Amino acid sequence: MWTGVIPAVTTKFTADGELDHAEMERCFSLQMQAGCDGIIVCGSLGEGPMLSPDERLEVLKTARSVAGGKPVLLTVSEAGTREACALAARAATAGASGLMVVPSPIYHTDADETVATLGAVAAAGDLPVMIYSNRVAYRVDVTVPIMERLAADKRFVAIKESSDDIRRTTEIINHFGDRFAVLTGVDNLAFEALSVGAVGWVAGLVVAFPDETVAIHRLMKAGRHAEALEIYRWFRPLLDLDVSTFLVQNIKLAEALAIGSTEHVRMPRKPLSGERRAAVEAIVRTALERRPSLKLAA
Numbered sequence: 693m694w695t696g697v698i699p700a701v702t703t704k705f706t707a708d709g710e711l712d713h714a715e716m717e718r719c720f721s722l723q724m725q726a727g728c729d730g731i732i733v734c735g736s737l738g739e740g741p742m743l744s745p746d747e748r749l750e751v752l753k754t755a756r757s758v759a760g761g762k763p764v765l766l767t768v769s770e771a772g773t774r775e776a777c778a779l780a781a782r783a784a785t786a787g788a789s790g791l792m793v794v795p796s797p798i799y800h801t802d803a804d805e806t807v808a809t810l811g812a813v814a815a816a817g818d819l820p821v822m823i824y825s826n827r828v829a830y831r832v833d834v835t836v837p838i839m840e841r842l843a844a845d846k847r848f849v850a851i852k853e854s855s856d857d858i859r860r861t862t863e864i865i866n867h868f869g870d871r872f873a874v875l876t877g878v879d880n881l882a883f884e885a886l887s888v889g890a891v892g893w894v895a896g897l898v899v900a901f902p903d904e905t906v907a908i909h910r911l912m913k914a915g916r917h918a919e920a921l922e923i924y925r926w927f928r929p930l931l932d933l934d935v936s937t938f939l940v941q942n943i944k945l946a947e948a949l950a951i952g953s954t955e956h957v958r959m960p961r962k963p964l965s966g967e968r969r970a971a972v973e974a975i976v977r978t979a980l981e982r983r984p985s986l987k988l989a990a
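In this text, residue positions in the sequence shown follow the working numbering: the first is 693, and each later residue adds one.
This is the structure we're talking about:
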């Protein structure tokens with residue numbers, strides 16, 4: 693359940709801002725057809741903070757309908773612990789396979805508060821939990837000492853390692869062995885993380901380029917690193933689009949160009965325009981023109 697390529701999918705909206713379940717079904721199905729190993733909904737890329745709790749559960753339901761029994765995780769990223777616990781409990785009732793949990797994105801918790809908050813959410817949902825550690829975006833770093841304090845609770849099974857320090861993956865594995873499944877959460881560090889022992893990739897650009905993402909992971913798992921690296925080097929300019937304040941707009945534009953999807957976002961976000969749009973579109977179109985053959989990756 694906690695290995696492989698797990699897309700952090702985008703949430704699809706209609707032109708008037710409502711949930712577009714038909715387009716989500718189509719796009720989520722493309723991920724499953726490519727061989728992805730699960731789905732994570734309503735994260736940063738999924739515009740979770742712009743969705744109501746009811747809407748998040750609707751997106752969860754849509755993802756479960758196309759996942760073919762593969763795990764579907766709901767992201768819990770609430771300002772308050774009480775609200776996070778309530779959402780976790782509802783997710784469990786709604787059939788989520790597990791949770792990806794972010795400490796409060798508004799208040800930057802210290803170590804004691806981080807442990808208490810994560811523990812409370814895990815208890816409320818009583819589901820397997822992937823800890824989302826992203827000190828760059830959320831200013832809360834779930835370090836090895838903090839993980840040590842959480843390790844006794846068996847509900848904590850994995851960590852989405854997004855510290856932007858490739859050394860952290862090795863530090864976690866050296867300290868805990870296989871106690872936690874380590875998945876990389878930084879697209880443009882994926883090859884590096886998989887090289888040093890990460891067992892999975894919570895991916896962003898996969899939503900536009902699922903076949904290439906899955907190919908890299910499978911080649912790495914098979915020890916065919918040189919072949920994986922060739923695809924990864926082609927992929928890197930695209931993967932860099934994930935590491936940006938505008939990651940949602942960047943990736944939705946990539947989806948529009950690569951798989952014919954939509955770019956609708958929820959305000960305060962607006963679709964890319966002007967020079968920024970032109971730059972991203974050039975990156976995506978160049979990648980599409982130079983798309984590698986994946987015949988040997990099978």
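All C-beta atoms in this analysis are idealised placements derived from N, C-alpha and C, irrespective of residue type, glycine included. Predicted model only: the values in this text are computed from it and were never measured.
Under the three-state DSSP convention, the category residue i falls into
i    : result
A885 : helix
P699 : strand
V832 : strand
M724 : helix
M716 : helix
L842 : helix
I858 : coil
Buried or exposed (CB count within 10 angstroms, at least 16 for buried), residue i
i    : result
G915 : exposed
P699 : buried
E770 : buried
E658 : As shown, the chain starts at 693 and ends at 990. That puts residue 658 outside it, with no answer to give.
A646 : Any property of residue 646 remains undetermined from this structure, which presents the chain solely from 693 to 990.
I864 : buried
I798 : exposed
D804 : exposed
R774 : exposed
E919 : buried
Distance CB(residue i)-CB(residue j) smaller than 9 Å
i    : j    : result
F720 : L711 : no
R977 : L949 : yes
A726 : V764 : no
C728 : G696 : yes
T703 : G738 : yes
L743 : R958 : yes
L749 : A786 : yes
Continuous beta strand (DSSP E) stretch holding residue i: start and end
i    : result
R849 : The sequence shown places Val at residue 849, not Arg. F848 to E853 is the extent of the beta strand (DSSP E) around V849.
I732 : I731 to V733
Residue interval of the alpha helix (DSSP H) (run including residue i)
i    : result
G966 : G966 to E981
E710 : Segment: none, E710 is in no alpha helix (DSSP H) and carries neither H nor E.
At 4 residues or longer, what runs of the alpha helix (DSSP H) sit wholly inside the stretch 870-924?
882-887 and 902-913
Going residue by residue through the stretch 739-820, where are the continuous beta strand (DSSP E) segments of at least 3 residues, counting only ones entirely within it? 764-768 and 790-793
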